[in-house]
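>
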Amino acid sequence: VDAERPWRGPFVISDLFIGAVAKRPIISVEVPVIFDGKPHYALAAGVFPERLSEILRLQKMPSDWVAAIIDSSNIIVARTVGASEFVGKSISSDLQRALMTAAEGTFDGKTREGIEVLSSFSRSTVSGWTVAIGIPKKGLFSILWQALLQNIGAAAILLVAGIFLARRISARIADTIRAL
Numbered sequence: 084v085d086a087e088r089p090w091r092g093p094f095v096i097s098d099l100f101i102g103a104v105a106k107r108p109i110i111s112v113e114v115p116v117i118f119d120g121k122p123h124y125a126l127a128a129g130v131f132p133e134r135l136s137e138i139l140r141l142q143k144m145p146s147d148w149v150a151a152i153i154d155s156s157n158i159i160v161a162r163t164v165g166a167s168e169f170v171g172k173s174i175s176s177d178l179q180r181a182l183m184t185a186a187e188g189t190f191d192g193k194t195r196e197g198i199e200v201l202s203s204f205s206r207s208t209v210s211g212w213t214v215a216i217g218i219p220k221k222g223l224f225s226i227l228w229q230a231l232l233q234n235i236g237a238a239a240i241l242l243v244a245g246i247f248l249a250r251r252i253s254a255r256i257a258d259t260i261r262a263l
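Final position of the sequence shown in our numbering is 263; the numbers increase by one with none missing.
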């Protein structure tokens, strides 16, 4: 606690709800306004899920990866793929099971669309919100195979170049020895 701000109250992040004025999904972020070391007011701002989905899209993940922001009641707040269809709906049963066992981790599961993914998630201890990323297994293994084949190809080229250089150098050495 510092001397200039002796009271540090918590901020509040709501779960997703339908706004009374906007009549559409929104979240609220509220912070206390402090005077003389005591809270006198609360300052609140509404954030539409589209803003959070845009933040996820700015991370420049591959287009088939699914990233989501989930509120503390396991409702999808933002999503990179199918946001208009899934915002406001509950998360997949596979992700629900994973969240019941740990605050962060990885698991094999399916997205709400039924796509098999390798998922990773982390739940905030402050807000109870979760960020989850699902990488389609099909795409993941194709990336791994592509990288493996590129490495094998590069190794083969280096091997052929090494053999060629070794033969050339050994021929020069043999010519020098014959000349002696």
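We put the beta carbon where it would ideally sit given N, CA and C, even for glycine.
#1: Between Phe100 and the rest of its own chain, which residues show a CB-CB distance below 6 Å, the 5 nearest in sequence each way excluded?
#2: Please state whether DSSP places Pro122 in a helix, a strand or coil.
#3: By Cβ distance, which residues of its chain are closer than 6 Å to Arg206, with the 5 residues on each side in sequence left out?
#4: Across the region 129–138 and the region 103–110, are there enough close Cβ pairs to call them in contact, namely three or more that are closer than 8 Å?
#5: So for Val209, helix, strand or coil by DSSP?
#6: Using alpha carbons as the reference points, say which of Arg195, Phe190 and Ile96 lies closest to Phe169.
#7: Spatial neighbours of Asp191 within its chain, please: C-beta separation below 7 Å, excluding the five flanking residues on both sides.
Reading it off the structure:
#1: Cβ neighbours of Phe100 beyond the five flanking positions: none.
#2: It is a strand residue.
#3: Same-chain partners within the cutoff: Ala186 and Thr213.
#4: With the cut-off at 8 Å, the region 129–138 and the region 103–110 touch.
#5: Three-state DSSP puts Val209 in coil, outside helix and strand.
#6: Checking every option, the nearest Cα to that of Phe169 belongs to Arg195.
#7: Closer than 7 Å at the Cβ level, and outside the excluded window around Asp191, lie Leu201.
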